[in-house]
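A.B. asks:
Protein chains: 4
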Amino acid sequence: MGTLRVGVLGALGKVGRAVCEAVDAAEDCELVARVDAGDPLETLTESGAQAVVDFTHPDVVMDSLRFCVEHGIHAVVGTTGFDDERLDRLRGWLDGTDVGVLVAPNFSVGAVLMMRFAVEAARYYESVEILEQHHPTKADAPSGTARRTAQLVAAARREAGMSAPPDATSTALEGARGADVDGIRVHGMRIRGMVAHQEVVLGAPGETLTIRHDSLDRVSFTPGVLLALRAIATRPGLTVGLESFLDE
Amino acid sequence: MGTLRVGVLGALGKVGRAVCEAVDAAEDCELVARVDAGDPLETLTESGAQAVVDFTHPDVVMDSLRFCVEHGIHAVVGTTGFDDERLDRLRGWLDGTDVGVLVAPNFSVGAVLMMRFAVEAARYYESVEILEQHHPTKADAPSGTARRTAQLVAAARREAGMSAPPDATSTALEGARGADVDGIRVHGMRIRGMVAHQEVVLGAPGETLTIRHDSLDRVSFTPGVLLALRAIATRPGLTVGLESFLDE
Amino acid sequence: MGTLRVGVLGALGKVGRAVCEAVDAAEDCELVARVDAGDPLETLTESGAQAVVDFTHPDVVMDSLRFCVEHGIHAVVGTTGFDDERLDRLRGWLDGTDVGVLVAPNFSVGAVLMMRFAVEAARYYESVEILEQHHPTKADAPSGTARRTAQLVAAARREAGMSAPPDATSTALEGARGADVDGIRVHGMRIRGMVAHQEVVLGAPGETLTIRHDSLDRVSFTPGVLLALRAIATRPGLTVGLESFLDE
Amino acid sequence: MGTLRVGVLGALGKVGRAVCEAVDAAEDCELVARVDAGDPLETLTESGAQAVVDFTHPDVVMDSLRFCVEHGIHAVVGTTGFDDERLDRLRGWLDGTDVGVLVAPNFSVGAVLMMRFAVEAARYYESVEILEQHHPTKADAPSGTARRTAQLVAAARREAGMSAPPDATSTALEGARGADVDGIRVHGMRIRGMVAHQEVVLGAPGETLTIRHDSLDRVSFTPGVLLALRAIATRPGLTVGLESFLDE
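Take a look at the structure:
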C-alpha cells in the first residue's frame, strides 16, 4: 500500500490540529491540505487529497461532504449533528459511487472495544451494571457512552432470552441503585481530577468480569481516526460508527 | 503477657464456631468454655474465663453481660440490638468496676480502617463519592457501612468548613447520580458473584485517591475479635465500636 | 430441545458434587447417573446417559472415555494430564463416530472471555501487561492462565506485525518489571484473602483498557460445564479448550 | 488570619508558573513577587514577601535560602538535590531564628496520604504488596514513591513484630514475584497512556484493603504547596517531607 494523501477540514480547531499532527506522524499517510473556515474546498482537489478527515460544524459539514463525494474523495467524519434525514441524504449522494464515508460519534477505539466486549459477554452473566466516572463539570448523567453501552447490553440480553438481572432490594434510598436504562442499572460519579472513565461489571455465581476504559487525554481519538483513514477506501457507501472498522 | 482464658457465648452458632476456631488457633489465647443456649453461665466462672466473646441474641445478651460484669469477666460483644437504653444500663453496671466491655456492630478491621482513612483524607479532596457492591440478595441499598462512611465523611467535611462537592449535572436520568447521604453521593451495585465490597473515591485537581475494601469471606471478622480480646482488659468501662481499639 | 440425560464420573469428589448439583438444577438437563471409583461404567449405559462430565483422575480417565466413545456417549472432560499422545489416541477412537468430546483445562467462562478480549484488543494497543493475584499458598508464579494469556497476546501482536511494547527502563531492581513471557510482562501478587484474579492492562496514547476477571468461588466453573454439555452433541470429534464453544 | 504575601522563585519554569497560578487563585494568599534566573533576590524584601516557594535548581537554591533565612522569610522548597550536608547547613542557618523551611521531595497530598494509610494498616494485614504503574518513558523501576512506601511499610511491620508475608511460591519465572524492597514485593508496570499510579494491596483471611493513588496531571502538587504555605509560619526550623504538615 502506498502513502495515503489526506486533507483535514477544520484544521485549525483543537481537534483538527491534533488530527493534523497524527496524520503527519503516520508513516503511511501524507498531510496534503489543511482547510479551515474561509478556505476554498478546491484546496482538496488541487492538492490531490484521496481522503479527508472532517471535525468541523453541523452548519458546513454537508456542503463539504457533497464536494468530497462529487470529487471521489473518501471522508472520515467526527462532526456531530447527523440525524436520519442527513444520513439518508448522504446515502443518496454516495449511491452508485466508489466513495466511502464514515460518520462516527466516538473515535476512541477503547470505548468501541469496551462496548463490543460487554455485548459479547452479556449472555454469559446474569448480572451486569455500568459505572461511569467523569469530571464534575460534565452536564449530563449518565454519559452518552454509558447509555449506549447499556442499550447494547440490554439488546444482547433480550436476544439471548435473558430476564432482568437479579435484585432483591426492598428498601433503598432514592437513587441508590442508579438509573435504569432499558433495564440495566447505570451509575454516574462526578469526581474532580477524573477525565472520562467507564466500567462494565458482569457477574455470575462465583466470578465477575470487569471491562474498564480510562480516557485520560483527548489524543486518544487519533488512533481511531487513522484506523478509519486506512480502511475507508475499501468501504464504499456510508458507514455509521467505528465499530465495523474494527472487525477484520 | 500470659495466655488469656476465653469463653465463647453462642459457641454452636455459625459465627460462634468461627470464633472458637480463631481463639483456639491464637497462641496467646486459651479457649476454656463453649457456652450455648441452655448451658449454665457458671461454666464461665468454673473454667476461670477472663474474657468472653458474645455473638448470641438480643433476648439473652443482657443477662449474660450482667453475669460477666458481676464476676469480673471482660466481654467482646457482636450481638445486635443495642439501643441507648441498653448501653446506659451497661454503663451503670460497669460503673466502679475494672471490667471492660466492647459492643461493636462490625468487627472487620478493614471496614473500620476504610472509614477512618476516608475521614482523614476528606478535608484534602473537594470531591468524594462512595460505591458499594454486594450480592443481589441483599435487601437494603445502600449498605449500612456505606451510609455510615458517608455520614462520617460528611461530618469531617463540615468540621473542615468545606462546601458541597462540585457537580455541574443539569440533565440526568433519575438515580444516575446515586443516593444523597448527608450531601455525599452513594452508589450501590448488586452483582451475582460479589460478596461485600466498598470503594471511597476522593478527587482533587489532577489526582484521585481510592480506598477499597473487599470482604470475601465471613472469617474476615475474627482478627477484629482477637484484637479486641487482647485489648479489652486494659479498657475498663463501655466502648462502642472497634475503631478506638485500633488507635495505639 | 428435549432434556439431556447426563452422567457424572467422579460424582463423589469435591468438583463432581458441584457438577451434580449444577446438572440437577439445570432445567434442560437430567442427572441420570452418579459414578465414582469402584462403580461399573455400565451404570452409564443402563441409565441411558447421553453425555457425561468427567472430573476424575489421569489414571482412569482414558478407560472411561473409551467406554463412552464405544457406547455413543458424549463427554465433557475437566480431568488433567492430557498430553499430545493421549489427545491423538482420543482422536483415533472418535474417528468415524458422531461422538463429541471436549477436553478443557479451564471451564471458567470468564477466564476464557478475558483471554479472548485480550487477544482481540491486542492489535490496537502498543502497551500490554498482565497482573495476576492469588492466595499465598499457590506454588507457581505466574499462574497458568496468566502465562497462557501472555502467549496468546504475544501471538496476536506478532500476527499484527507489532514490535515489543515500549519500555525505557534503564535502572531497575531485579524483578521490578515482572516476568517475561514471549515478550509480554507478567506480574504475580500473592495476597492472603484473595482467591484467583487477573487483570490485562492495555494502553495507547491517552487511554487504557483493562479487562479483569475475579474468581471468588469454585462454583464459577459450573456454567462452563453446562454450556459445554448443551453444545457437545453438535460437536463431533475432539475439541480442546472451552474457547470454541463460546463462539456462536 | 490575614493574607499571606508570597514570592515565587523559579516563577517562569513549568512548575513555577503553576505555583504562581495557584497562589494567585488562593483567597488567603497574595502573589507579590515572581523571581527567576537573573532577577535580584531583593525583589522579595522590597515586595514584602513573608514566604517563598522555591522550585529552582540545586545550583542556586542554597543561596536563595540563605537570603530568605537572613531576611526572616519562610520557605517551601521543592527543588531537588538536598543531601545530609545541605540539610545540616540549613539547620545551622535556621538555629535561633523563627523562620520555617520545608524541604519536600513530593508535594502530592495523595501520595503522602497513601503512604500514611499503608503504614497505619500494615500491622493488621499479614500480606502486603505494592503495584506502581507509569508511562513507558520512565527510566527507573520501581518508582521512588513505591520504594519509599515499601520501606515505610516494612519498618511498620518490623516494629509490630511481624514476620515476612506468606508466600508458598516454589516454581517461578524470574521476576514474576516482583522486586524485593526490605522484604516487601513491588511490581512496576509501564503502560502507554498512564501517568503515575500506585496501589498498595493488603490482605488478611477473607478480606483485602487496597489504597490507590492516581496522579493524572502535574497540577496535583499545588494543593500540597498551598497547604505548606499556610502552615510554614507556625513551624520554625527545618521540616523534611510534607507528611508532618498533614497531621493536625
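Chains as they are written, first to last, in numbering that gives the first Met the number 0: chain P, 0 to 247; chain F, 0 to 247; chain U, 0 to 247; chain A, 0 to 247.
In this text, a Cβ means the ideal position worked out from N, Cα and C, and glycines have one as well.
These figures come from a predicted structure and were not determined experimentally.
Looking at the structure shown, is F/R176 part of a helix, part of a strand, or coil, going by DSSP?
C.D. replies: Correct three-state label for F/R176: coil.
A.B. asks: Run through the stretch 92-123 of chain P for me and flag every whole beta strand (DSSP E) of 3 or more residues, listed as ranges in chain order.
C.D. replies: Fully enclosed beta strand (DSSP E) runs of 3 or longer: 99-102.
A.B. asks: My understanding is that F/R229 touches F/D23, with C-beta atoms under 8 Å, so please give their C-beta distance in whole angstroms.
C.D. replies: Contact doesn't hold; Cβ gap of about 15 Å is too wide.
A.B. asks: Within the continuous beta strand (DSSP E) that includes U/S214, where are the two ends?
C.D. replies: Its beta strand (DSSP E) spans residues 206-214.
A.B. asks: For U/T221, which residues of its own chain have a beta-carbon under 7 Å away from its beta-carbon, when the five flanking residues on both sides are left out?
C.D. replies: So the list reads A17, V18, A21, once near-sequence residues are dropped.
A.B. asks: Is any beta-carbon of chain U found at less than 8 Å from that of A/K253?
C.D. replies: In the structure displayed, chain A extends from 0 to 247; residue 253 of chain A sits before or after that span and is not available.
A.B. asks: Tell me the residue span of the beta strand (DSSP E) that contains F/A155.
C.D. replies: Looking at the DSSP string, F/A155 is not in any beta strand (DSSP E); the run it does join, the alpha helix (DSSP H), is 143-158.
A.B. asks: Taking the alpha helix (DSSP H) that F/M61 falls in, what are its first and last residues?
C.D. replies: Taken as a continuous stretch (DSSP letters only), the alpha helix (DSSP H) holding F/M61 covers 57-69.
A.B. asks: What does DSSP give as the partner residues of U/D53 in its beta bridges?
C.D. replies: Beta-bridge pairing links U/D53 to U/L8, U/V76.
A.B. asks: Is the Cβ of P/P39 closer than 8 Å to any Cβ of chain F?
C.D. replies: Answer no: the Cβ-Cβ gap between P/P39 and chain F never drops below 8 Å.
A.B. asks: Using the Cα positions of U/Q150 and U/A121, report the straight-line distance between them to the nearest angstrom.
C.D. replies: Approximately 12 Å, taken between the alpha carbons.
A.B. asks: Grab the span of the alpha helix (DSSP H) containing P/T42 for me, first residue to last.
C.D. replies: Counting along the chain, the alpha helix (DSSP H) containing P/T42 begins and ends at 41-45.
A.B. asks: In angstroms with no decimal places, state the Cα-to-Cα distance between P/S142 and A/G187.
C.D. replies: Distance between the alpha carbons of P/S142 and A/G187: 32 Å.
A.B. asks: From A/E128 to P/A195, what does the alpha carbon distance come to, in whole angstroms?
C.D. replies: If I take the Cα positions, the gap works out to 28 Å.
A.B. asks: Spell out a yes or no on whether the stretch 59-76 of chain P and the stretch 172-187 of chain P are touching, meaning 3 or more CB-CB pairs, one atom from each, closer than 8 Å.
C.D. replies: As far as the Cβ criterion goes, the stretch 59-76 of chain P does not touch the stretch 172-187 of chain P, which means the pair count is below three.
A.B. asks: Smallest Cα separation from A/Y123: which of A/P164, A/D83, A/L86, A/V102?
C.D. replies: Nearest option by C-alpha distance: A/P164.
A.B. asks: Which residues in the same chain as F/E242 place their Cβ atom closer than 7 Å to its Cβ, once the five residues preceding and following it in sequence are excluded?
C.D. replies: So the list reads V111, R115, once near-sequence residues are dropped.
A.B. asks: According to DSSP, is A/T170 part of a helix, a strand, or is it coil?
C.D. replies: A/T170 falls in the strand class under three-state DSSP.
A.B. asks: From A/T42 to A/A32, what distance separates their C-alpha atoms?
C.D. replies: Looking at the two C-alpha atoms, the distance is approximately 7 Å.
A.B. asks: Name the residue from A/A117, A/E125, A/T170 whose alpha carbon lies nearest to the alpha carbon of A/V152.
C.D. replies: Residue A/A117 is the option with its Cα nearest to A/V152.
A.B. asks: Excluding sequence positions up to five away, which residues of its chain have a Cβ less than 7 Å from the Cβ of P/D179?
C.D. replies: The answer is none, since no qualifying residue turns up.
A.B. asks: Do you know whose CA, among P/D213, P/A140, P/G15, lies nearest U/V200's CA?
C.D. replies: The candidate whose alpha carbon is nearest that of U/V200 is P/D213.
A.B. asks: Tell me which residues share the same chain as P/Q132 and place their Cβ nearer than 7 Å to its Cβ, disregarding the 5 neighbours each side in the sequence.
C.D. replies: The answer, listed in chain order, is M188, I190, M193, H196.
A.B. asks: Could you tell me the distance, in whole angstroms, from the CA atom of F/E29 to the CA atom of A/T168?
C.D. replies: Between F/E29 and A/T168, the C-alpha separation is close to 33 Å.
A.B. asks: DSSP on P/A243, reduced to helix/strand/coil?
C.D. replies: The amino acid at residue 243 of chain P is misidentified as Ala; the sequence shows Ser. P/S243 falls in the helix class under three-state DSSP.
A.B. asks: With respect to the alpha helix (DSSP H) encompassing U/G223, which residues constitute its N-terminal and C-terminal limits?
C.D. replies: U/G223 -> alpha helix (DSSP H) spans 221-231.
A.B. asks: Mind checking F/R146: buried by the 16 CB within 10 Å criterion, or exposed?
C.D. replies: Classification of F/R146: buried, given that the 10 Å Cβ count is 16 or more.
A.B. asks: Residues of chain U with CB closer than 9 Å to the CB of F/V111, please, in chain order.
C.D. replies: What F/V111 touches in chain U: nothing, since even the nearest Cβ is about 16 Å away.
A.B. asks: Check whether chain A comes within 8 Å of F/D23, counting only Cβ atoms and requiring the distance to be less than that.
C.D. replies: It does not: the Cβ of F/D23 has no partner Cβ on chain A nearer than 8 Å.
A.B. asks: One question on the structure: do U/V68 and U/D53 come within less than 8 Å of each other, judged by their Cβ atoms?
C.D. replies: Cβ atoms of U/V68 and U/D53: not closer than 8 Å.
A.B. asks: By the 10 Å Cβ neighbour count, where 16 or more other Cβ atoms means buried, how is F/S219 classified, buried or exposed?
C.D. replies: Classification for F/S219: buried.
A.B. asks: How close, in whole Å, do the beta carbons of U/G99 and U/G223 come, if the pair is a contact with beta carbons under 8 Å?
C.D. replies: About 16 Å separates the two Cβ atoms, so there is no contact after all.
A.B. asks: How long is the line joining the alpha carbons of F/A175 and P/T78, rounded to whole angstroms?
C.D. replies: If I take the Cα positions, the gap works out to 27 Å.
A.B. asks: Contact check, P/H73 vs P/A50 under 8 Å by CB: the rounded distance?
C.D. replies: Going by Cβ atoms, the distance from P/H73 to P/A50 rounds to 4 Å, so yes, they are a contact pair.
A.B. asks: Below 8 Å between beta carbons is the criterion; list the residues of the stretch 204-218 of chain P that meet it against any residue of chain A, in chain order.
C.D. replies: Within the stretch 204-218 of chain P, the residues whose Cβ lies closer than 8 Å to some Cβ of chain A are D213, L215, D216, listed in chain order.
A.B. asks: Any beta-carbon of chain U closer than 8 Å to the one on F/G223?
C.D. replies: No - not a single Cβ of chain U is within 8 Å of the one on F/G223.
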